[in-house]
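Inspection log for the structure reproduced underneath, given as structure tokens.
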Ligand SMILES: [Cu+2]
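Here's what the structure looks like:
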């Protein structure tokens with residue numbers, strides 16, 4: 138009986154240790170072309186520019202009008218974004234499309250869960266917001 142109680146105790150302890158890894162995934166908000174007060178969509182920046190999260194956490198990109206959230210695969214850098222001659226993002230380019238995890242709706246908000254550790258590029262693909270204004274993070 139004592140062995141059973143000890144075994145149950147060990148299992149309970151293991152559950153308590155594993156619980157924080159799964160139960161407390163967080164969601165961080167990035168203002169996407171908006172200021173913190175949420176009323177200015179003409180700010181072509183991400184605020185904050187960098188966020189640090191844990192594996193399994195999510196980021197809510199609070200999109201202002203008119204912006205389009207694009208999240209790239211792990212390790213893609215700003216130099217790899219495919220541009221047209223006029224500085225606009227070439228949304229139809231096959232390489233550009235293959236490099237993307239998410240292309241949000243125009244003017245839309247995006248929430249994405251990052252399950253793999255590393256650095257992810259997020260840009261606005263609207264007009265020249267990325268190339269002319271540096272709207273990325
Ligand atoms: Cu934009």
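In the numbering used here, the protein residues as written are 138 to 274.
Here a beta-carbon is modelled for each residue, glycine too, at the ideal position from N, C-alpha and C.
Is any non-hydrogen atom of ligand 1 found closer than 8 Å to the C-beta of residue 263, if you look at the structure I gave you?
On the chain shown, residue 263 is found 126 positions in, with the first residue counted as 1. Flag set: Cβ of residue 263 near ligand 1.
With a threshold of 16 other CB atoms inside 10 Å of the CB of residue 245, please say whether the residue is buried or exposed.
Locating residue 245 in the chain shown gives position 108, where the first residue counts as 1. Result: exposed.
Does any heavy atom of ligand 1 sit closer than 8 Å to the C-beta of residue 215?
Walking along the chain shown from the start, residue 215 turns up at place 78. For ligand 1, not one heavy atom lies less than 8 Å from the Cβ of residue 215.
Tell me residue 237's beta-bridge partners as DSSP assigns them.
In the chain shown, the residue the question calls residue 237 occupies position 100. In DSSP, residue 237 forms a bridge with 209.
Quick check on the burial criterion: 16 or more other C-beta atoms within 10 angstroms. Buried or exposed for residue 152?
As a first step, residue 152 must be located in the chain shown, where it is residue number 15. In this prediction, residue 152 has a pLDDT of 48, which is less than 50 and means its spatial position is unreliable; what the coordinates show is noted afterwards. Counting Cβ neighbours within 10 Å, residue 152 comes out exposed, since fewer than 16 surround it.
Counted within 10 angstroms of its Cβ, other Cβ atoms place residue 191 as buried (16 or more) or exposed
Numbered from 1 along the chain shown, position 54 holds the residue referred to as residue 191. Under this definition residue 191 is an exposed residue.
Which same chain residues, not among the five before or five after residue 265, have their C-beta less than 7 Å away from its C-beta?
By 1-based counting over the chain shown, the position of residue 265 is 128. If we look at residue 265 and ignore the five residues flanking it on each side, its Cβ neighbours are 224 and 225.
Given that a residue counts as buried once 16 or more other Cβ atoms are within 10 Å of its Cβ, and exposed if not, what is residue 253?
Taking the first residue of the chain shown as position 1, residue 253 is located at position 116. Under this definition residue 253 is an exposed residue.
Taking 8 Å as the cut-off, is the CB of residue 240 close to at least one heavy atom of ligand 1?
Indexing the chain shown from 1 puts residue 240 at position 103. No, the beta carbon of residue 240 sits no closer than 8 Å to any heavy atom of ligand 1.
Confirm, please, whether the CB-CB distance from residue 161 to residue 204 is below 9 Å.
Indexing the chain shown from 1 puts residue 204 at position 67. Indexing the chain shown from 1 puts residue 161 at position 24. Contact: no.
My output table needs one value for residue 199: the three-state DSSP class, helix, strand or coil.
For this step, residue 199 is matched to residue 62 along the chain shown. Reduced to three states, the DSSP call for residue 199 is strand.
Just verifying my parser: in three-state terms, what is the DSSP assignment at residue 184?
Locating residue 184 in the chain shown gives position 47, where the first residue counts as 1. Strand.
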